[in-house]
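Residue numbers (this note's numbering): 38 to 272.
Written out below as structure tokens is the structure these notes cover.
Below, the structure written as structure tokens:
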């Protein structure tokens with residue numbers, strides 16, 4: 038016998054499971070009971086997006102929903118501090134790794150698409166992957182500090198960006214290195230383009246020169262502005 042939903046609905050719009058010949062398991066009944074019932078017979082059933090008041094999906098409501106999901110275990114506490122740094126915005130982008138996508142049910146595997154040996158966490162992508170490690174080794178050659186490849190994500194970022202000994206040049210070298218590695222990863226995984234370590238090193242050098250030039254220009258503007266203020270004060 039075919040049973041419709043209306044069969045187990047009472048006249049006052051409540052679930053009436055007594056009309057069923059075979060009792061439903063308690064867990065299934067509990068799932069049915071929580072389903073809200075509409076009293077409007079003239080409205081057809083339809084799928085709605087529960088994260089918006091209108092029931093319609095939008096990219097804004099989707100982003101708000103995803104933002105409620107806890108961050109993956111490797112999320113760094115330093116990202117908020119990074120966002121406040123006076124450096125180009127592209128050097129502070131959030132990294133949507135395979136581990137990040139897998140944690141949120143978007144990707145089918147958390148593994149690194151380049152080396153395929155370990156989950157692609159933020160630290161693996163930026164430092165520990167064999168492709169990334171080669172880039173860092175060449176950028177720091179011949180003075181490679183062994184501790185550079187041993188620290189945790191938070192300690193690694195803090196030591197290279199927020200430490201007292203970190204200069205503007207060293208901070209930019211580190212952040213641009215991370216950004217070049219991230220871009221090279223995307224070109225390899227998404228576009229199928231392979232950038233050699235030498236090409237990435239040249240790209241890094243070019244970006245360093247651009248950023249340092251911008252920093253110098255800002256410094257000149259500040260000095261000029263300060264000088265103008267002094268002249269105004271003399272008047």
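In this text, a Cβ means the ideal position worked out from N, Cα and C, and glycines have one as well.
Which two residues bound the contiguous alpha helix (DSSP H) that contains residue i?
| i | result |
| --- | --- |
| residue 219 | 205 to 226 |
| residue 67 | 63 to 70 |
| residue 167 | 167 to 177 |
| residue 191 | 190 to 194 |
| residue 137 | 135 to 140 |
Starting from the C-beta of residue i, find all residues in its chain whose C-beta is less than 8 angstroms away, skip the five residues before and the five after it, and write them out in chain order.
| i | result |
| --- | --- |
| residue 214 | 172, 173, 176, 241 |
| residue 132 | 159, 162, 163, 219 |
| residue 231 | 224, 225 |
| residue 258 | Reliability fails at residue 258, whose pLDDT of 46 lies under 50, so the model's placement of it is uncertain and no value is given. |
Among residues of its own chain, excluding the 5 on either side of residue i, which ones have a beta-carbon nearer than 6 angstroms to its beta-carbon?
| i | result |
| --- | --- |
| residue 152 | 166, 167 |
| residue 81 | none |
| residue 150 | 226 |
In its own chain, which residues sit with a C-beta less than 7 angstroms from the C-beta of residue i, not counting the 5 before and 5 after it?
| i | result |
| --- | --- |
| residue 47 | 53 |
| residue 61 | 54 |
| residue 66 | 54 |
So the candidates are the options; which of them puts its Cα closest to the Cα of residue i?
| i | options | result |
| --- | --- | --- |
| residue 217 | 150, 169, 195 | 169 |
| residue 238 | 196, 67, 221 | 221 |
| residue 205 | 250, 67, 134, 69 | 250 |
| residue 56 | 45, 50, 235, 85 | 45 |
Note to self: Within 8 angstroms, do at least three Cβ pairs link the stretch 143 to 157 to the stretch 195 to 209?
What the structure shows: no
Margin query: Quick check: the stretch 186 to 199 against the stretch 163 to 174, are at least 3 beta-carbon pairs closer than 8 angstroms?
Written below: yes
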